[in-house]
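full-length UniProt numbering puts the last residue of the sequence shown at 258; the count rises by one with no breaks.
Just so it is clear, CB atoms sit at the ideal spot from N, CA and C, and this is done for glycine as well.
What you are looking at is a predicted structure, and each value in this text was computed from that prediction instead of being measured.
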Amino acid sequence: VIIFTVLTFASLFLRFSAVFALKRRLRVDDYLVLVAFFQPLILVHLLALNHNLGVPYAKIAPEDASIQHKSQYSTGITWTIATVTCKMAVLWLYLAIFTMGKMRIVVYIFMGLCVAYAITFIPIFMAACNPPSAAWDLDPMVALAKCRPIQQQEYASVSVNMFLDLSIVILPLPQIWKLQMAPSKKLFASFMFSFGLVIVGIMAWRIQTTVEFTKTFEWSQNLVKVALQSHLEVWLVIMAANLPTVAPLFTKVINPAM
């Protein structure tokens, strides 16, 4: 957790160093990555860690279980906001790079899909229990009676997320290979934009964790995996959004100085 937090912060530092070194104006995507980085997802999970997150079910006090379920409930919302904000940052970067043609129309379509995803799934996560407080009731039987199984919404959410992530990664690649520049530069640019494929792999891991969730009573230990996967996705998407903006810092400022 500490390592990836430091790496993500370092990528943000380099991004804004490039902004000032190249004397460009701040864009919408610059603000969006800041929103994604400073969202409360990590605070939600730190709260759960202080209440025995990952401890075997039989050893968890009802009060600690309640806090962990509050964390789980909040994660669905904060994770969705963070990931959609990151996706919008990458798409906004595409608008800055590709200033004309059909590519911009496609980018706007995917922006609409990302917003639609958030508008659809945030209410679904919020309405998982009726009333919502049943999710963290001290009596686990209340949650069983008042909450629907979360597996279906998890499968749907992660699957749509994988589709969006994969599409956003692929989107600029044909345009890059049409550019008049050396193949080595095309490969380097493709690598930077393809970094998001790692996130698709994490989403596949998340589906596996959801399947495991249905086969065990040790839900607290599974929540540790979900928390790690949620943070990894957010961290890596932020780094993926930062990489293309950092490249000019090395090509135009650092390399000439050397």
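Is the beta carbon of Gly54 sitting closer than 8 angstroms to the one on Val224?
yes
Straight-line Cα distance separating Ser167 from Ala36
20 angstroms
Measure from the alpha carbon of Ala116 to the alpha carbon of each residue in Met88, Lys102, Arg104, then state which is nearest.
Met88
Boundaries of the alpha helix (DSSP H) in which Asn161 is found, first to last residue
151–170
Starting from the N-terminal side, write out each stretch of the alpha helix (DSSP H) that is 4 residues or longer and does not extend beyond the segment 165–242.
173–178, 183–194, 197–213
Verify the CB distance criterion: does Ser230 have a CB-CB separation below 8 angstroms to chain C?
Here chain C cannot be found, since the structure has a single protein chain.
With respect to the alpha helix (DSSP H) encompassing His69, which residues constitute its N-terminal and C-terminal limits?
62–97
Short Cβ contact (8 angstroms threshold) for Asn222 with Glu212:
yes
What separation, rounded to the nearest whole angstrom, lies between the Cα atoms of Leu12 and Ala127?
35 angstroms
Opening and closing residue of the alpha helix (DSSP H) in which Lys146 lies:
140–146
State the Cα-Cα distance for the pair Arg148 and Asp137, rounded to the nearest angstrom.
Going from the Cα of Arg148 to the Cα of Asp137 covers about 14 angstroms.
Look at the alpha carbon of His69 and the alpha carbon of Gln151, and state the distance between them as a whole number of angstroms.
15 angstroms
What first and last residue would you give for the alpha helix (DSSP H) that runs through Tyr31?
First-last of the alpha helix (DSSP H) with Tyr31: 28–37.
With a threshold of 7 angstroms on Cβ separation, who are the neighbours of Pro248 within its own chain once the five nearest residues in sequence on each side are excluded?
Ala18, Leu22
Report the partner residues of Cys129 according to the DSSP bridge assignment.
As a beta-bridge residue in DSSP terms, Cys129 pairs with Cys147.
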